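S.K.: Residue numbers (the working numbering): 1 to 291.
Sharing a structure below in structure tokens format, with a few things to ask.
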Amino acid sequence: MQKKSFAIRLKALLGSGRQDADFFEEMEELLIEGDIGPALAVEIVTELQKQAGRGELRDRERTLAHLKRLLGEHLRTGQPILKRGELNVFLVLGVNGVGKTTTVAKLASYYRRNAGVGEILLSAADTFRAAAIDQLERWGERLEMPVIRQAPGADPGAVIFDTMTSARTRGAELILADTAGRLHNKAHLVKELGKVDKIIRGRIGEGNYQKLLVIDATTGQNALRQAEVFHEAIGVDAVILAKYDSTAKGGVAIAISRQLGLPFAFLGQGEKLEDIQIFDAEGYLEGLLES
1 MQKKSFAIRL KALLGSGRQD ADFFEEMEEL LIEGDIGPAL AVEIVTELQK
51 QAGRGELRDR ERTLAHLKRL LGEHLRTGQP ILKRGELNVF LVLGVNGVGK
101 TTTVAKLASY YRRNAGVGEI LLSAADTFRA AAIDQLERWG ERLEMPVIRQ
151 APGADPGAVI FDTMTSARTR GAELILADTA GRLHNKAHLV KELGKVDKII
201 RGRIGEGNYQ KLLVIDATTG QNALRQAEVF HEAIGVDAVI LAKYDSTAKG
251 GVAIAISRQL GLPFAFLGQG EKLEDIQIFD AEGYLEGLLE S
């Protein structure tokens with residue numbers, strides 16, 4: 001279901017003036033289709049029915065406001081910790097195809113433009129895809145930022161080690177590391193990420209290391225499963241919702257926050273370096289429900 005059709009159908013439903021059993025059944029189905037998740041959809045509709053019984057849903061605006069509030073109670077937001085004047089590592093996670101490498105470049109641009117971070121290194125630790133290494137190098141050239149890489153097929157842990165060594169030599173403040181995301185081989189992914197995680201933890205303070213998961217807003221409930229796997233494998237600190245401009249499936253952000261307790265830090269829209277912004281809960285809910 002496309003984003004526009006979700007909001008249009010919701011608007012039509014809320015504007016129908018009905019509050020009968022069919023109305024609430026349609027509301028539940030619509031929320032599930034919007035990737036809120038079945039359990040939460042039932043919970044929210046049950047609460048709306050109680051409010052209707054108390055005469056609190058007198059018109060479309062009040063119903064929409066209550067719906068937004070109920071959804072917002074489950075949505076978490078928060079920014080990664082960045083300790084200025086020290087070396088920080090942001091390990092960027094996600095399955096192949098979610099826009100992970102482009103998101104690394106967007107984050108680099110964001111932290112230079114908006115946080116004034118000077119020396120930033122990009123780490124091509126997705127060594128299993130030559131295209132990912134080449135893509136990151138092209139972004140590095142555009143950003144005029146160093147990219148630490150090895151040959152395709154090299155040990156990702158070795159790339160991270162080299163990046164951290166280079167960062168300390170350069171006096172860098174931030175490393176943004178791309179990683180592989182072969183979810184079809186979960187055991188290998190967990191082992192690989194565990195090794196990378198151990199290397200980083202052994203060379204940096206706990207508060208200087210953040211793991212950021214990129215999910216594709218177009219993938220719906222599959223994104224929840226991805227978040228579960230990565231969080232179980234390595235522990236995720238915050239989530240980035242990518243490709244939000246092309247879909248309605250962003251409703252899964254609420255499901256991820258609710259089930260895993262993970263905050264959303266950024267929202268990506270478009271392919272330009274500037275097409276990333278801090279995840280704003282109010283703006284997100286308005287876009288989801290009213291666009």
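A virtual CB, placed ideally from N, CA and C, is assigned to each residue, including glycine.
Predicted, not measured: the structure shown is a model, and the values here were computed from it.
Where does asparagine 88 fall in DSSP's three states?
M.R.: Numbered from 1 along the sequence shown, position 88 holds the residue referred to as residue 88. The answer is strand: DSSP assigns asparagine 88 an E or B state.
S.K.: Once you ignore the five residues that flank leucine 91 on each side, which residues in its own chain have a CB closer than 6 Å to its CB?
M.R.: Residue 91 sits at position 91 when you count from the first residue of the sequence shown. Excluding positions up to five away in sequence, the list reads Ala177, Lys211.
S.K.: Decide if lysine 186 is buried, meaning its Cβ has at least 16 other Cβ atoms within 10 Å, or exposed.
M.R.: Taking the sequence shown and counting its residues from 1, the one referred to as residue 186 is at position 186. Lysine 186 is exposed by the Cβ-count criterion.
S.K.: State the start and end residues of the unbroken beta strand (DSSP E) segment that holds tyrosine 209.
M.R.: Residue 209 sits at position 209 when you count from the first residue of the sequence shown. Unbroken beta strand (DSSP E) run through tyrosine 209: 209 to 216.
S.K.: Please confirm whether leucine 285 and glutamine 259 have their CB atoms less than 8 Å apart.
M.R.: Position 285 of the sequence shown, counting from 1, holds the residue named residue 285. Position 259 of the sequence shown, counting from 1, holds the residue named residue 259. No.
S.K.: Quick one: residues in its chain with C-beta nearer than 6 Å to the C-beta of glycine 140, no 5 flanking neighbours on either side, listed in chain order?
M.R.: Working through the sequence shown from its first residue, we reach residue 140 at position 140. Excluding positions up to five away in sequence, the list reads Leu122, Val147.
S.K.: Identify, in the order they occur along the chain, each residue of the same chain with its Cβ nearer than 7 Å to the Cβ of proline 152, setting aside the five sequence neighbours on each side.
M.R.: By 1-based counting over the sequence shown, the position of residue 152 is 152. These residues qualify, in order along the chain: Thr127, Ala130, Ile133.
S.K.: Identify the continuous alpha helix (DSSP H) that holds valine 252 and give its terminal residues.
M.R.: Taking the sequence shown and counting its residues from 1, one reaches residue 252 at position 252. From DSSP, the alpha helix (DSSP H) with valine 252 extends over 252 to 260.
S.K.: So what's phenylalanine 308 in DSSP terms, helix, strand or just coil?
M.R.: As displayed, the chain neither begins before 1 nor continues past 291, which places residue 308 out of reach and without an answer.
S.K.: Verify whether the separation of the beta carbon atoms of isoleucine 120 and leucine 174 is less than 8 Å.
M.R.: In the sequence shown, counting from the first residue as 1, residue 120 sits at position 120. In the sequence shown, counting from the first residue as 1, residue 174 sits at position 174. For isoleucine 120 and leucine 174, yes; Cβs fall inside 8 Å.
S.K.: Using a 10 Å radius around the Cβ and a threshold of 16 neighbouring Cβ atoms, would you call threonine 102 buried or exposed?
M.R.: For the purposes of this step, residue 102 is identified with residue 102 of the sequence shown, where counting begins at 1. Burial call: buried.
S.K.: Since valine 239 sits in a beta bridge, which residues does DSSP pair it with?
M.R.: On the sequence shown, position 239 is the one that residue 239 refers to. DSSP output for valine 239 lists Leu213, Phe264 as bridge partner(s).
S.K.: In this structure, does DSSP put leucine 285 in helix, strand or coil?
M.R.: Here residue 285 refers to the residue found at position 285 of the sequence shown. Of the three classes helix, strand and coil, the one that applies to leucine 285 here is helix, per DSSP.
S.K.: Hey, is arginine 149's beta-carbon within less than 8 Å of any beta-carbon in chain B?
M.R.: Protein chain content of the structure displayed is limited to a single chain, and chain B is not contained in it.
S.K.: For the stretch 67 to 80 against the stretch 252 to 267, do three or more pairs of beta-carbon atoms, one drawn from each stretch, fall closer than 8 Å, so that the two count as touching?
M.R.: These segments touch.
S.K.: Is it a yes or a no for the stretch 191 to 202 touching the stretch 156 to 172, going by three-plus beta-carbon pairs under 8 Å?
M.R.: The stretch 191 to 202 vs the stretch 156 to 172: in contact.
S.K.: Whole angstroms are fine: how far does the CA of aspartate 237 sit from the CA of methionine 1?
M.R.: Within the sequence shown, the letter at position 1 stands for residue 1. Within the sequence shown, the letter at position 237 stands for residue 237. Annotation note: pLDDT 49 at methionine 1 (below 50); position unreliable, no value reported.
S.K.: Buried or exposed: where does serine 16 fall if 16 or more other Cβ atoms within 10 Å of its Cβ makes it buried?
M.R.: By 1-based counting over the sequence shown, the position of residue 16 is 16. Classification for serine 16: exposed.
S.K.: Are glycine 99 and lysine 243 touching if we call contact CB-CB under 8 Å?
M.R.: Here residue 99 refers to the residue found at position 99 of the sequence shown. Here residue 243 refers to the residue found at position 243 of the sequence shown. Yes, they are a contact pair.
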